[in-house]
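Step one of this worksheet: look at the structure below.
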Amino acid sequence: MPGLTGIDLVFVYGTLRPAVAHAAAARHLLREAQVLGPATVAGRLYLLSWYPGLVAARAAGDQVRGDLLALPAGSSLLKALDAYEGYDPAVPAASPFRRECREVTGPQGRVAAWLYAWHGPLEGARRIPSGDFISWEG
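For the sequence shown, the working numbering begins at 473 and goes up steadily by one.
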């Protein structure tokens with residue numbers, strides 16, 4: 473998918489979801505963003521620790537639920553999100569969370585959006601079958 477221009481879109485599915493963002497760092501990061509509404513993306517969700525990680529779908533129907541955010545044009549928020557997730561675009565393989573552009577279904581239909589996908593180990597991780605971190609009651 474081509475790079476995003478103008479207002480960047482970001483799909484959040486875990487600790488950065490507006491309903492979950494209790495930590496001061498997460499709230500600060502989201503202050504500039506506009507919440508567009510609920511969205512889904514193909515994938516599976518795992519509880520890695522106190523936070524989830526999204527991995528590639530293994531079967532038709534594997535979906536992760538989250539929220540679609542719009543970042544203002546020219547904002548440094550995407551760089552701040554990279555830092556929050558421990559992602560360095562200069563050395564993508566060095567981080568277990570990697571920023572990827574994926575097709576997301578949001579309030580206005582299918583759009584290209586950034587998300588942070590988990591590429592680290594899954595040993596000890598628990599799958600969240602609903603794909604929704606907010607409703608999970610593990």
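For each residue, glycine too, the CB sits at the ideal point set by N, CA and C.
Could you pull the start and end residues of the alpha helix (DSSP H) that residue i belongs to?
i    : result
R499 : A496 to L502
From this set, the options, which residue's C-alpha is nearest residue i's C-alpha?
i    : options                   : result
Q535 : E595, L520, T512 and F483 : T512
V507 : I606, D539 and R598       : D539
S607 : P593, L519, V583 and Y556 : L519
G592 : I600, T577, G558 and A584 : G558
A529 : G509, E575, L543 and R489 : E575
Y588 : Q580, A562, L553 and A566 : L553
Span of the beta strand (DSSP E) holding residue i?
i    : result
D554 : Run containing D554: none in the beta strand (DSSP E); it sits in the alpha helix (DSSP H), L549 to E557.
P524 : P524 to V527
F483 : D480 to V484
Q506 : Q506 to A514
L541 : Q535 to L543
When you compare the CB of residue i with every CB in chain B, is at least one pair closer than 9 Å?
i    : result
A496 : In the structure shown, chain B does not exist; there is a single protein chain.
Based on DSSP bridge pairs, tell me the residues matched to residue i.
i    : result
L517 : L526
Beta strand (DSSP E) runs wholly inside the stretch 557-600, at least 3 long, in chain order: 569-578 and 581-590
The stretch 593-601 touching the stretch 478-498, judged by at least three CB pairs closer than 8 Å: no
Cβ pair count under 8 Å reaching 3, the stretch 495-503 against the stretch 573-585: no
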